[in-house]
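Each residue of the sequence shown is one higher than the one before, counting from 458 in my numbering. Don't be surprised by glycine CBs; every beta carbon is placed ideally from N, CA and C. All values derive from a computational prediction rather than experimental measurement. To start, the structure under review is shown below, and the notes come after it.
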Amino acid sequence: MATCKPTILGPALLWALLAGSALALGARREVEVQLDGIPYRPVAAVAAHYHLEIALPRSDNEPVRLTNPQVRLHLYPHSRRAEFNGTLVWLNAPVLRSRGRFYLSRADQESVLEPLLRPTAALRGVPHRRVLLDPGHGGTDSGTVGTRGTREKDLVLDLAHRTAKFLEAARVEVEFTRTDDRALSLDQRTRMAADREADLLVSIHLNSAPSAATGIETFVLPAAGHATTVATARPARVTPFAGNQHDAASLVLAHAVQRSLLGQTRAVDRGIRRARFQLLRDAPCPAILVEAGFLSSPEEESRLNDPAYRDRVARGLALGILDYLTAVRRSRLDTAGSPSSPGDTP
Ligand SMILES: [Zn+2]
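Structure, rendered in structure tokens:
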């Protein structure tokens, strides 16, 4: 407003800003509650913290909708299901409703919302030079075998080579845990990541299920003390694993790769899931494990046997990795210490 005098508005604005940030900081601690034995925060306070508009559901089947012009985040009551800009993400703990208010676990605010909504802050200082691709299985370990005899170990090696071609064309330094048909222990794979100073680790697998399941899923570690998506019970151990140091970056990587894979393949979105796989637990850098399709599904097996489809999967992997690397680089260019905008999604 042109009529306002800066001498009056200045101190008033400063006071409002200071009061606002003090309230935001205080609110986070004061409103935290213990539900089911873990710390939870009101979704309304979380929304306010990230300047997101909140729309409450009219029934239990509808999500709590948190939005701004760049973000569409859906949280489903009494469920670990969440959708971030259309991609399915399984939370560490269910969103709860108590006395008419909705609550999100502290672990999910810190290791899911924070990296997805503020990747610039979450990725600051993360190295981004060398990518280690890990084709699963090998040698005497065939992995899963499709109904037509397709072996996981062969296709994931081919996928890794194709992915590397795309990455190398974009001048990214790529290493492999294996480039031929040999057996490697999980220990050897994580040790290679440490010895070769890998900045991120992408393990490539194909899935199998007794059901007619199809689609793509990307695994990250659950936050320390939280359940996997395989079992609903929380583990006895609450101390973090080595891999938990990289939870924020791994989640940004998982989201970029899962979104890109779905865009390239149009496969069913099974989401970002959580498991304490040894490879993820012991990883010395941000790490994900991608299950790029089901060999137990005859349709998906025949699609994966088509080299043109494998090229699409590989392009999806590579473009996701490149999106992540771009987000890391952008966080370096951002002036140190400046708060990132709430909508700076990669
Ligand atoms: Zn596998």
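The C-beta separation of valine 747 from threonine 675 comes to about 5 angstroms, placing the pair in contact by the 8 angstroms criterion. Counting along the chain, arginine 772 sits inside the alpha helix (DSSP H) bounded by residues 764 to 790. 8 angstroms or more divides the Cβ of threonine 597 from the Cβ of leucine 736. The beta carbon of histidine 662 sits closer than 7 angstroms to at least one heavy atom of ligand 1. For arginine 575, no beta strand (DSSP E) run applies, since DSSP gives it neither H nor E. In this structure, proline 743 and leucine 657 form a Cβ contact; the two beta carbons are roughly 5 angstroms apart against a cut-off of 8 angstroms. Phenylalanine 751 is bridged by DSSP to Asn664. Judged by DSSP in its simplified three-state form, serine 642 adopts coil rather than helix or strand. Around the beta carbon of alanine 621, 16 or more other beta carbons lie within 10 angstroms, which makes this residue buried.
As the crow flies, the alpha-carbon of arginine 554 is around 15 angstroms from that of aspartate 565. Residue environment analysis places serine 516 among the exposed positions, since fewer than 16 neighbouring C-beta atoms fall within 10 angstroms of its C-beta. Note: histidine 531 is bridge-paired with Arg522 and Glu540 in the DSSP secondary-structure output. Cβ atoms of valine 521 and valine 500 come within 8 angstroms of each other, at about 6 angstroms.
At a cut-off of 7 angstroms, the beta-carbon of threonine 607 does not count as near ligand 1: no heavy atom of the ligand is closer than that. The count of Cβ pairs closer than 8 angstroms, one atom from the region 778 to 788 and one from the region 687 to 695, stays below three, leaving the stretches out of contact. The beta carbon of asparagine 542 sits closer than 6 angstroms to those of Arg529, all from its chain and outside the five residues before and after it, given in chain order.
The region 587 to 606 makes no contact with the region 763 to 770: fewer than 3 CB pairs, one atom from each, lie closer than 8 angstroms. Per the DSSP secondary-structure output, aspartate 598 pairs in a beta bridge with Gly595.
Each of Asp652, Ile661, Arg635 and Gly582 was checked against the Cα of leucine 616, and the nearest Cα belongs to Ile661.
With a cut-off of 7 angstroms, the C-beta of threonine 524 is classified as distant from ligand 1, since no heavy atom of the ligand falls inside that distance. With contacts defined by Cβ atoms closer than 8 angstroms, histidine 585 and valine 785 form a contacting pair.
The beta carbon of alanine 666 is closer than 7 angstroms to those of Phe751 and Ser753 in its chain, skipping five residues each way along the sequence.
DSSP places phenylalanine 734 in the coil class of the three-state scheme, outside both helix and strand. Between alanine 749 and leucine 663 a beta carbon distance of about 6 angstroms is seen, short of the 8 angstroms cut, so the two are scored as contacting. No heavy atom of ligand 1 is found nearer than 7 angstroms to the CB of threonine 675. Within the DSSP bridge table, the entry for proline 499 names Tyr560 as partners. The Cβ-Cβ distance between serine 788 and threonine 577 falls below 8 angstroms. Glutamine 645 and asparagine 549 have their C-alpha atoms roughly 29 angstroms apart. Checking the DSSP bridge columns, you'll see glutamate 510 partnered with Thr524.
Threonine 620 carries a helical assignment under DSSP once its states are collapsed to helix, strand and coil. Placement of the Cβ of glycine 593 at a distance of less than 7 angstroms from at least one heavy atom of ligand 1 is found. In this structure glutamate 630 is exposed. Its beta-carbon is surrounded by fewer than 16 other beta-carbon atoms within 10 angstroms. Minimum Cα-Cα distance from glycine 600 among the listed residues Gly494, Ala626, Leu641 and Glu756 corresponds to Leu641. Counting C-beta atoms within 10 angstroms of its own C-beta, serine 562 has 16 or more neighbours from the protein chains shown and is therefore classed as buried. Our two residues, valine 613 and proline 592, have alpha carbons roughly 5 angstroms apart in a direct line. Judged by DSSP secondary structure, threonine 696 falls outside any alpha helix (DSSP H); it is assigned neither H nor E.
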